[in-house]
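Structure, as structure tokens:
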Amino acid sequence: MWIFLRNVSLRENEKGMALNQDTFESYCLDAPDTESVSSEYLRIHSELDKKSAEADWIAAIGSWDSLRRKISEWMNLTDIRFHQDTHNAQYQAAKRNSDELKPTFLDLEVGVKCRLIKTPYREIVAKEWGPHVLNLWECDIASFDPAIKEDLVKQSEQETAFTELLASAQFTFRGEQLTLPQLRKYSEHLDRKIRYEAATLRSTWFKSNAPELDRIFDKLVRLRHSMARKMGYENFVALGYRLMQRTDYDENNVAEFRAQVRDEVVPLCIDLKREQAKQLNLESMMAWDEPLYDPRGNPLPKGDHHWLMEQARGMFKSLGGGLDKLFSEMEQREMLDLTSRPGKAGGGFCSDLPKLGLPFIFANFNGTKDDIEVFTHEMGHAFQNYCSRLKPLSDYVWPTSEACEVHSMGLEFLSWPQMGLFFGAEADRFCKIHLLSSIAFIPYGTAVDHFQHLVYQQPQASPGERAAMWHEMEQIYLPWRQWGDLSNEAGGRFWQGQLHIFVSPFYYIDYVLALVCALQFWDSAKKDRQTAMQQYFALCRRGGEAPFRELVDSAGLQSPFSRGVLEGMVHKARACMKT
Ligand SMILES: [Zn+2]
Numbered sequence: 001m002w003i004f005l006r007n008v009s010l011r012e013n014e015k016g017m018a019l020n021q022d023t024f025e026s027y028c029l030d031a032p033d034t035e036s037v038s039s040e041y042l043r044i045h046s047e048l049d050k051k052s053a054e055a056d057w058i059a060a061i062g063s064w065d066s067l068r069r070k071i072s073e074w075m076n077l078t079d080i081r082f083h084q085d086t087h088n089a090q091y092q093a094a095k096r097n098s099d100e101l102k103p104t105f106l107d108l109e110v111g112v113k114c115r116l117i118k119t120p121y122r123e124i125v126a127k128e129w130g131p132h133v134l135n136l137w138e139c140d141i142a143s144f145d146p147a148i149k150e151d152l153v154k155q156s157e158q159e160t161a162f163t164e165l166l167a168s169a170q171f172t173f174r175g176e177q178l179t180l181p182q183l184r185k186y187s188e189h190l191d192r193k194i195r196y197e198a199a200t201l202r203s204t205w206f207k208s209n210a211p212e213l214d215r216i217f218d219k220l221v222r223l224r225h226s227m228a229r230k231m232g233y234e235n236f237v238a239l240g241y242r243l244m245q246r247t248d249y250d251e252n253n254v255a256e257f258r259a260q261v262r263d264e265v266v267p268l269c270i271d272l273k274r275e276q277a278k279q280l281n282l283e284s285m286m287a288w289d290e291p292l293y294d295p296r297g298n299p300l301p302k303g304d305h306h307w308l309m310e311q312a313r314g315m316f317k318s319l320g321g322g323l324d325k326l327f328s329e330m331e332q333r334e335m336l337d338l339t340s341r342p343g344k345a346g347g348g349f350c351s352d353l354p355k356l357g358l359p360f361i362f363a364n365f366n367g368t369k370d371d372i373e374v375f376t377h378e379m380g381h382a383f384q385n386y387c388s389r390l391k392p393l394s395d396y397v398w399p400t401s402e403a404c405e406v407h408s409m410g411l412e413f414l415s416w417p418q419m420g421l422f423f424g425a426e427a428d429r430f431c432k433i434h435l436l437s438s439i440a441f442i443p444y445g446t447a448v449d450h451f452q453h454l455v456y457q458q459p460q461a462s463p464g465e466r467a468a469m470w471h472e473m474e475q476i477y478l479p480w481r482q483w484g485d486l487s488n489e490a491g492g493r494f495w496q497g498q499l500h501i502f503v504s505p506f507y508y509i510d511y512v513l514a515l516v517c518a519l520q521f522w523d524s525a526k527k528d529r530q531t532a533m534q535q536y537f538a539l540c541r542r543g544g545e546a547p548f549r550e551l552v553d554s555a556g557l558q559s560p561f562s563r564g565v566l567e568g569m570v571h572k573a574r575a576c577m578k579t
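Residue numbers (the numbering used here): 1 to 579.
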């Protein structure tokens with residue numbers, strides 16, 4: 001066995017997976033060795049070579065799936081540990097090792113997928129697990145070639161360099177030592193002077209690191225373009241869509257959706273921003289004013305971290321569906337790393353350890369209302385993953401990312417009735433801001449997507465030309481934005497703080513598409529909460545067994561690509577804000 005568990009006691013769950021009873025802290029896996037993995041693959045191929053009965057082939061595919069789960073367990077663990085402490089030399093080395101091994105394992109995996117999409121296996125797979133997995137594998141096959149193995153390793157190196165650089169940012173602000181996520185809490189401070197100071201400090205750091213960020217991104221763009229060319233694509237856009245496993249919509253659908261955002265949402269946001277400025281009694285709203293929505297100050301959670309966790313227990317209990325049991329198990333097994341600290345990577349995500357049988361939540365709480373949004377968001381991902389962990393194929397454990405974001409953003413809205421637990425009498429104010437900031441996010445998220453299309457369509461552009469592209473996006477999608485004397489941002493480099501642009505290309509419109517679906521949960525829960533919750537739980541249980549549009553449809557939601565859906569939801573939200 002090339003992977004083994006140390007210092008752990010095991011029990012078996014209903015699918016025969018080993019469930020570790022110890023905490024995340026003590027969980028330990030040895031790196032897989034290439035030789036053993038390759039010989040496992042040889043064994044699987046020889047099983048498939050045999051003129052066996054269908055059941056034997058299905059069993060061979062099952063043992064391949066188990067192997068994939070083992071590898072992914074180690075890779076996810078390595079990734080989480082590195083994000084927890086980017087300065088730790090041991091974690092850095094493990095991450096490097098994982099990044100170097102990944103293309104080799106991918107090659108082996110794609111080799112099996114190439115066989116399985118052909119007759120006679122194809123028909124057996126479709127009959128046993130449905131046709132969707134074949135479409136997913138076709139995307140995986142179309143997005144890998146042994147010729148790009150070295151480029152993939154180089155890409156990981158640059159992505160890691162970005163993560164480490166941002167995690168190294170340290171600020172002294174009014175006598176306090178802060179990380180980048182911690183500095184964010186001052187971006188919504190009631191005192192305008194403090195907001196401006198925090199924005200200036202952030203801007204100065206990004207300005208002094210702009211040459212390095214430009215260098216890293218330039219390498220990433222060139223690498224991605226070179227991989228696309230080696231695989232016969234004109235540029236990285238089509239390859240990027242395959243990597244996102246988009247099987248039921250394409251570049252044209254996304255371009256049409258962006259046009260709807262420009263036509264319907266941008267004018268509405270211009271109005272909303274004008275109203276926000278009026279509320280805040282500002283003649284001219286600057287970029288550093290935008291995060292503040294309420295003249296009394298954005299509501300803050302009413303207690304410390306310990307208190308917040310206690311409230312969360314109450315929230316998940318009253319939401320039902322088993323959320324409380326999952327949360328309790330995650331707490332006991334320390335599957336949550338929520339607070340910001342020096343050296344910890346930025347952002348938030350939910351990962352899973354399939355053999356351990358639990359999801360893991362990574363976040364950077366900073367004491368603002370955002371913590372509650374991040375909490376419900378990541379717990380939505382965790383819950384869906386937990387519901388789907390026993391799917392017969394690992395391809396169905398997570399859906400594609402725009403569907404994943406419906407689980408997370410859906411729970412953000414469905415947990416509104418519980419917000420009193422965190423905000424007391426200010427819960428309504430929190431909900432109103434949540435809605436307002438969600439609407440304001442639509443043009444921003446769309447700008448990020450449009451920007452990436454421009455970047456990868458013109459891979460030879462210089463860093464300065466890319467800054468001009470972002471500036472153009474701001475003029476189209478965020479025309480109210482004023483950077484004042486923040487020269488780095490005024491010069492078109494605000495996007496350099498957006499993690500996804502560096503490490504998850506094209507993963508951004510997914511949030512916007514998902515938000516249009518999550519808003520439908522918000523709307524239907526107002527009319528019939530019980531049905532909305534049932535539909536939400538049922539959607540989580542389906543995991544990734546169908547493509548995005550089919551999943552959305554089965555949950556009683558309309559596709560965000562359908563004409564009028566975006567417009568309808570945004571206007572409902574607008575009407576609600578006026579009440
Ligand atoms: Zn998410």
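Cβ atoms here follow ideal geometry from the backbone N, Cα and C, with glycine treated the same way.
Among the options, the one whose alpha carbon lies nearest that of residue i
i: residue 143; options: 129, 173, 237; result: 237
i: residue 61; options: 34, 25, 76, 111; result: 111
i: residue 261; options: 502, 67, 441; result: 441
i: residue 302; options: 475, 371, 283, 212; result: 371
i: residue 403; options: 513, 189, 70; result: 513
i: residue 191; options: 201, 206, 298; result: 298
i: residue 311; options: 296, 321, 328; result: 328
i: residue 82; options: 167, 42, 258; result: 167
i: residue 333; options: 381, 353, 530, 560; result: 353
i: residue 585; options: 443, 559, 491; result: Outside the displayed range of the chain (1 to 579) lies residue 585, so it cannot be described from this structure.
i: residue 249; options: 139, 118, 385, 574; result: 139
i: residue 504; options: 194, 79, 244, 52; result: 244
i: residue 99; options: 113, 179, 72; result: 72
i: residue 383; options: 350, 365, 235, 368; result: 350
i: residue 136; options: 365, 397, 363, 228; result: 397
i: residue 273; options: 562, 472, 213, 436; result: 436
i: residue 75; options: 53, 33, 375; result: 33
Beta-ladder partner(s) of residue i, from DSSP
i: residue 264; result: DSSP output for residue 264 lists no bridge partner at all.
i: residue 337; result: 362
i: residue 352; result: 359
i: residue 172; result: 177
Span of the beta strand (DSSP E) around residue i
i: residue 176; result: 176–179
Local conformation of residue i per DSSP, three classes
i: residue 359; result: strand
i: residue 302; result: coil
i: residue 419; result: coil
i: residue 560; result: coil
i: residue 211; result: helix
i: residue 293; result: coil
i: residue 519; result: helix
i: residue 247; result: coil
i: residue 17; result: Since pLDDT at residue 17 reaches only 45, below the 50 mark, its modelled position is unreliable, and no value is offered.
i: residue 482; result: coil
i: residue 81; result: helix
i: residue 146; result: helix
i: residue 22; result: coil
i: residue 11; result: With a pLDDT of only 37 at residue 11, under 50, the local geometry of the prediction cannot be trusted, and the value read off the model is given with reservation. Three-state DSSP puts residue 11 in a strand.
i: residue 397; result: coil
i: residue 507; result: coil
i: residue 53; result: coil
Extent of the continuous alpha helix (DSSP H) to which residue i belongs
i: residue 116; result: 89–116
i: residue 571; result: 565–578
i: residue 443; result: 427–457
i: residue 376; result: 370–387
i: residue 163; result: 149–167
i: residue 463; result: 463–477
i: residue 531; result: 529–542
i: residue 546; result: Here residue 546 belongs to no alpha helix (DSSP H), and DSSP marks it neither H nor E.
i: residue 325; result: 323–332
i: residue 235; result: No alpha helix (DSSP H) holds residue 235; DSSP gives it neither H nor E.
i: residue 137; result: 132–142
i: residue 129; result: 121–129
i: residue 188; result: Careful: residue 188 lies outside any alpha helix (DSSP H) and carries neither H nor E.
i: residue 281; result: Where residue 281 is concerned, there is no enclosing alpha helix (DSSP H), given that its DSSP letter is neither H nor E.
C-beta neighbour in chain D for residue i, strict 9 Å
i: residue 117; result: Here chain D cannot be found, since the structure has a single protein chain.
Near ligand 2: residue i beta-carbon under 8 Å from a heavy atom
i: residue 204; result: Ligands present in the displayed structure are limited to ligand 1, and ligand 2 is not among them.
Shell residues, 6 Å Cβ cut-off relative to heavy atoms of ligand 1: 377, 381, 405, 408
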